[in-house]
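A.B. asks: Input: one structure, supplied below.
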Amino acid sequence: MVTRSFQVHHNDSTFGVDFDTDDGLEVFKLQLLSLTSIPPDEQKLIGMDENRVVSDKSDLVAISEKLRLVSINEEQQETSTAENDELLKSDEELARMLQAEECAPEDNGKVEGRLRAYVSIVLMYEDLERQEAARKTVPVEELEEKALVSLAKEGNLTPSKNEQDHAFLLQLLFWFKQSFRWVNAPPCDGCSKETVLHGKVDPLPSEIRHGASRVEIYGCNFCPIGSRFPRYNDPLKLVETRSGRCGEWANCFTLYCRAFGYESRLILDFTNHVWTECFSQSLGRWLHLDPCEGVYDNPMLYESGWNKKLTYVIAITKDGVCDVTKRYTRKWHEVISRRNIITETALSAVVANVTKDCRRGFTSQVLSVLEDRDEKERQELERGLHSTDNASTSLPGRLNGDKEKAVGIPRVKLGSQGFEVSKVGFGCMGLSGVYNSPVPDEDGISIIKHAFSKGITFFDTADVYGPHLNELLLGKALKQLPREKVQVATKFGITGRPDPPRITVKGTPEYVRSCCEASLNRLGVDYIDLYYQHRVDTMVPIEETVGELKKLVEEGKVKYIGLSEASPDTIRRAHAVHPITALQIEWSLWTRDIEEEIVPLCRELGIGIVPYSPLGRGFFGGRGVVESVAANSFVANHPRFVGENIDKNKNIYHRIESLAKKHQTSPVQLALSWVLHQGNDVVPIPGTTKIKNLDSNIGSLGVKLKEEDIKEISDAVPINQAAGDSDSGILMQWQWKLANTPPKHSKSEL
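So for the sequence shown, the UniProt record's numbering puts the first residue at 1; every next one is plus one.
If you want it as structure tokens, here you go:
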């Protein structure tokens, strides 16, 4: 094992990367993805000392420690010298060059060795003890009942055995997604707080027994203990830990499928993902199942939904391997140009050799059945290349893969002035405290970049968060993101610390301008996409405040203007001075008092609505119900989270929890989906300090609700039923109902 420290230069940034060279170039590029958001297949690495492209053949121990990273999709390539021109060839030229070089026999052996290693893992699924251990953890009767209910909803009251098996498989998938835990950074073994990756070490003998090939070491910012994260390959160990990333998820889920008798495959995507296929007797074909996403029968999920540039997708099973790339693409001509690890002829030979060894000792009758199925699949894959039908089955209330990703975070117009944002935004406030302890800057930046990589482009902050620290944090993240693809919203108007009673609200023209200049400086940007008045100054005519904002728009320092917690009269008067693009206001299942007056007014004037606290300050995520409220949290003394009020409000949570089970989702996803379904002009901005919660929030976009579903959910939490005021202490005086301003007098009146 050789650990090296690289300095990777990209645009105007330099990243220090510690890397175990044994992990290979593919893993190194995944690390760079987390730092730069450039997908691995779009990365081009160049050694700065020797001016050579780093490829899979390069010796990572010997290459220059100074590397230059170039995105092959950037419009402008460096062309300072003829040598650089040669190095930075177009994709097609580079692909042809590599194809010519990649015919070496040793590379065929590398691919074959990789596939055989996965065959060894798949053979573990045949172990009866492993299968029994997996079955014991599954609530079989509950899933069988859910399967029958799902079939009945489709009108199938007398399903066949194959149909029942198919429905049970889908329920197993949904159960697994809820039961398994995604791990980016494991909690500290000592204090359970968040950790940061420090490096990798060799596994201990006890870890090697369960197939751990490496162990990630995470340090804690709060105590000296930290944690170890062994990357186990033995699915039996994963049944015990129930945690990991996509490799562990797919490995363990495929064992569960085999444990219940399904013919199953582990699907290896040579870029950076793993999933499962099962043969459905009901459909008479292999069925795509992604346990990480909880979606099924959506092979276009990756190419169409995630915009993945696929290369090799290989199915690994106990009786052989199969190149199934054609099932997952409608752009084969593009895929084939990127397949430069091994020639097509050599790949076919490798697949045939591994399959032949897997089937050694099979009877002629079994071989005949398998060969017949292989041929049918080959024909199916060829037909699929020319198909335009991406239809797939789903349970009620769920969107499937390509829909969930492709339109899962659609672009919508906020307001009527053309401001386009992602359908769900990200509230950055919590990264700097308020609901919890602040997260380290590097963690906050990682969360923001993860949100962007998932399709969120609308980020919300304010000068009072921190104070100032939140804008500074977002500014650091923006340096690592394409500014033109990010919509930044910030706010002014609250002065002092955000803990009552040391709060005042200010909206004078001079103050507006000074705040804008300061926010531009902290964010490190030339303009603010959406600039809100955070709370209305009831001592200053709104015309004066918005008049100054209008000047900032004319100067190019602000693109669009917003208000927050403004009264109907204030909204109308402000909109008459300059079009208001968005109103930020509290709106969730338990705070709905804006629905009778504010929402209709905004739609009359063409103003978008940005709900803050769309999850009831974490209530619908279980805060105060299934988990305690931290003593240092802003909501520790919130009226709805204390005393008799929280006891009464728990009934609201349990009603939503019950409805969530009906829709096969979680309470938090159902609550957020309800907000998202309020209209295309509604863009909520939930925040979190945990990537798993961020991914869960994004998953809310996949919960499909009909009108009758929305009504049922609304009826479960009638307006004004929540116990306790929606805000605490002095903040109540700046709620929208009290946010009127004095009239603006003309000079003649004065």
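Glycine residues also receive a C-beta, built at the ideal position from the N, C-alpha and C atoms.
Using 8 angstroms as the threshold, is the C-beta distance between residue 10 and residue 69 below it?
C.D. replies: As a working note, residue 10 is residue 10 in the sequence shown. As a working note, residue 69 is residue 69 in the sequence shown. Yes, these two residues count as a Cβ contact at 8 angstroms.
A.B. asks: Residue 657 bridges to which residues according to DSSP?
C.D. replies: Walking along the sequence shown from the start, residue 657 turns up at place 657. The partner list for residue 657 (beta bridge, DSSP) is empty, contrary to what the question assumes.
A.B. asks: What does the Cβ neighbour count give for residue 181, buried or exposed, with the cut at 16 atoms within 10 Å?
C.D. replies: For the purposes of this step, residue 181 is taken as residue 181 along the sequence shown, with counting starting at 1. Exposed, because fewer than 16 other Cβ atoms sit within 10 Å of the Cβ of residue 181.
A.B. asks: Count the CB pairs spanning the segment 334–347 and the segment 361–369 that are closer than 8 angstroms, and state whether there are at least three.
C.D. replies: Cβ pair count under 8 angstroms is below three, so no.
A.B. asks: Beta-carbon separation of residue 753 and residue 131 under 8 angstroms?
C.D. replies: This structure cannot speak to residue 753, because the chain is shown only from 1 to 750.
A.B. asks: Would you kindly check if the distance between the Cβ of residue 289 and the Cβ of residue 306 is under 8 angstroms?
C.D. replies: The count along the sequence shown starts at 1 and reaches residue 306 at position 306. The count along the sequence shown starts at 1 and reaches residue 289 at position 289. Against a cut-off of 8 angstroms, the Cβ pair of residue 289 and residue 306 comes out as no contact.
A.B. asks: For residue 234, does the three-state DSSP call read helix, strand or coil?
C.D. replies: Translated into positions along the sequence shown, residue 234 becomes position 234. Of the three classes helix, strand and coil, the one that applies to residue 234 here is coil, per DSSP.
A.B. asks: Using a Cβ distance threshold of 8 angstroms, determine whether the segment 460–473 contacts the segment 720–738, with at least three qualifying pairs required.
C.D. replies: The segment 460–473, when compared against the segment 720–738, does not touch it at the 8 angstroms Cβ threshold.
A.B. asks: Can the beta-carbon of residue 682 be found closer than 8 angstroms to that of residue 611?
C.D. replies: Looking up residue 682 in the sequence shown gives position 682. Looking up residue 611 in the sequence shown gives position 611. Closer than 8 angstroms, so yes.
A.B. asks: As a quick exercise: from 317, 319 and 310, pick the residue whose alpha carbon is nearest that of residue 326.
C.D. replies: Reading the sequence shown from its first residue, position 326 is the one you call residue 326. Residue 310 is the option with its Cα nearest to residue 326.
A.B. asks: Could you spell out where the alpha helix (DSSP H) holding residue 134 opens and where it closes?
C.D. replies: On the sequence shown, position 134 is the one that residue 134 refers to. Here the alpha helix (DSSP H) through residue 134 covers 128–135.
A.B. asks: Could you name the residues that DSSP lists as bridge partners for residue 522?
C.D. replies: Numbered from its first residue, the sequence shown carries residue 522 at position 522. The partner list for residue 522 (beta bridge, DSSP) is empty, contrary to what the question assumes.
A.B. asks: Which of the three DSSP states, helix, strand or coil, is assigned to residue 181?
C.D. replies: For the purposes of this step, residue 181 is taken as the residue at position 181 of the sequence shown. Correct three-state label for residue 181: strand.
A.B. asks: Pull up the distance between the alpha-carbon of residue 493 and that of residue 522, whole angstroms please.
C.D. replies: As a first step, residue 493 must be located in the sequence shown, where it is residue number 493. As a first step, residue 522 must be located in the sequence shown, where it is residue number 522. One C-alpha to the other measures close to 16 angstroms.
A.B. asks: Give the range of the alpha helix (DSSP H) segment to which residue 249 is assigned.
C.D. replies: Locating residue 249 in the sequence shown gives position 249, counting from the first residue. Where residue 249 is concerned, the enclosing alpha helix (DSSP H) stretches over 246–259.
A.B. asks: Per DSSP, residue 563 forms a beta bridge with which residues?
C.D. replies: Against the sequence shown, residue 563 aligns to sequence position 563. 533 and 583.
A.B. asks: With H, G and I counted as helix, E and B as strand and the rest as coil, what does DSSP make of residue 719?
C.D. replies: As a position in the sequence shown, residue 719 is number 719, starting the count at 1. Note: residue 719 maps to coil in three-state DSSP.
A.B. asks: Ends of the alpha helix (DSSP H) at residue 443?
C.D. replies: Indexing the sequence shown from 1 puts residue 443 at position 443. Start and end: 441–453.
A.B. asks: I think residue 549 touches residue 566, with their Cβ atoms under 8 angstroms apart; what is that distance to the nearest whole Å?
C.D. replies: Position 549 of the sequence shown, counted from the first residue, corresponds to residue 549. Position 566 of the sequence shown, counted from the first residue, corresponds to residue 566. No, residue 549 and residue 566 are not in contact; Cβ-Cβ is about 13 angstroms, not under 8 angstroms.
A.B. asks: On the three-state DSSP scale, how would you describe residue 95?
C.D. replies: As a first step, residue 95 must be located in the sequence shown, where it is residue number 95. A caution first: residue 95 carries a pLDDT of 39, below 50, which makes its placement in the model unreliable, though a value can still be read off. Here residue 95 sits in helix by DSSP.
A.B. asks: Is the distance from the Cβ of residue 216 to the Cβ of residue 229 below 8 angstroms?
C.D. replies: Counting from 1 along the sequence shown, the entry for residue 216 is found at position 216. Counting from 1 along the sequence shown, the entry for residue 229 is found at position 229. Contact flag set, yes.
A.B. asks: Give every residue of the same chain whose Cβ lies closer than 6 angstroms to the Cβ of residue 165, excluding the five residues on either side of it in the sequence, and list them in chain order.
C.D. replies: Walking along the sequence shown from the start, residue 165 turns up at place 165. Nothing listed; no residue qualifies.
A.B. asks: Does the Cβ of residue 710 lie closer than 7 angstroms to at least one heavy atom of the ligand PLP?
C.D. replies: With respect to small molecules bound, the structure shown includes none, and the ligand PLP cannot be examined in it.
A.B. asks: Under 8 angstroms: do the segment 445–465 and the segment 418–434 share three or more Cβ pairs, one atom per stretch?
C.D. replies: With a cut-off of 8 angstroms, the segment 418–434 and the segment 445–465 count as touching, because enough Cβ pairs lie within range.
A.B. asks: DSSP on residue 706, reduced to helix/strand/coil?
C.D. replies: Your numbering for residue 706 matches position 706 in the sequence shown. Note: residue 706 maps to coil in three-state DSSP.
A.B. asks: Please list the terminal residues of the continuous alpha helix (DSSP H) segment that includes residue 667.
C.D. replies: Taking the first residue of the sequence shown as 1, we reach residue 667 at position 667. First-last of the alpha helix (DSSP H) with residue 667: 667–676.
A.B. asks: Compute the Euclidean distance between the alpha carbons of residue 126 and residue 237, then round it to the nearest angstrom.
C.D. replies: Indexing the sequence shown from 1 puts residue 126 at position 126. Indexing the sequence shown from 1 puts residue 237 at position 237. Cα to Cα, the separation comes out at about 15 angstroms.
A.B. asks: Does the distance from the CB of residue 429 to the CB of residue 113 come in under 8 angstroms?
C.D. replies: Within the sequence shown, the letter at position 429 stands for residue 429. Within the sequence shown, the letter at position 113 stands for residue 113. Cβ distance not < 8 angstroms, so residue 429 and residue 113 don't count as in contact.
A.B. asks: Quick check on residue 147: buried or exposed, where buried means 16 or more other Cβ atoms within 10 Å of its Cβ?
C.D. replies: Residue mapping note: residue 147 aligns to position 147 of the sequence shown, counting from 1. Buried: at least 16 other Cβ atoms inside 10 Å.
A.B. asks: Taking the alpha carbon of residue 751 as the point to measure from, which residue in 234, 684 and 272 has its own alpha carbon closest?
C.D. replies: For residue 751 there is no data in the structure shown, the boundaries of the chain being 1 and 750.
A.B. asks: Reducing DSSP to helix, strand and coil, say where residue 270 ends up.
C.D. replies: Within the sequence shown, the letter at position 270 stands for residue 270. Of the three classes helix, strand and coil, the one that applies to residue 270 here is coil, per DSSP.
A.B. asks: Can you tell me which of 283, 324, 177 and 618 puts its alpha carbon nearest to the alpha carbon of residue 300?
C.D. replies: Reading the sequence shown from its first residue, position 300 is the one you call residue 300. Nearest of 283, 324, 177 and 618 to residue 300, Cα basis: 324.
A.B. asks: In three-state terms, what does DSSP make of residue 222?
C.D. replies: The sequence position of residue 222 within the sequence shown is 222, counting from 1. Here residue 222 sits in coil by DSSP.
A.B. asks: With burial defined as no fewer than 16 other Cβ atoms inside 10 Å of the residue's Cβ, what is the status of residue 742: buried or exposed?
C.D. replies: Working through the sequence shown from its first residue, we reach residue 742 at position 742. Counting Cβ neighbours within 10 Å, residue 742 comes out exposed, since fewer than 16 surround it.
A.B. asks: What is the DSSP secondary structure of residue 202, reduced to helix, strand or coil?
C.D. replies: Mapped onto the sequence shown, residue 202 falls at position 202. Correct three-state label for residue 202: coil.
A.B. asks: Is the beta carbon of residue 613 closer than 8 angstroms to that of residue 644?
C.D. replies: Position 644 of the sequence shown, counted from the start, is the residue given in the question as residue 644. Position 613 of the sequence shown, counted from the start, is the residue given in the question as residue 613. No, the Cβ-Cβ distance between residue 644 and residue 613 is not below 8 angstroms.
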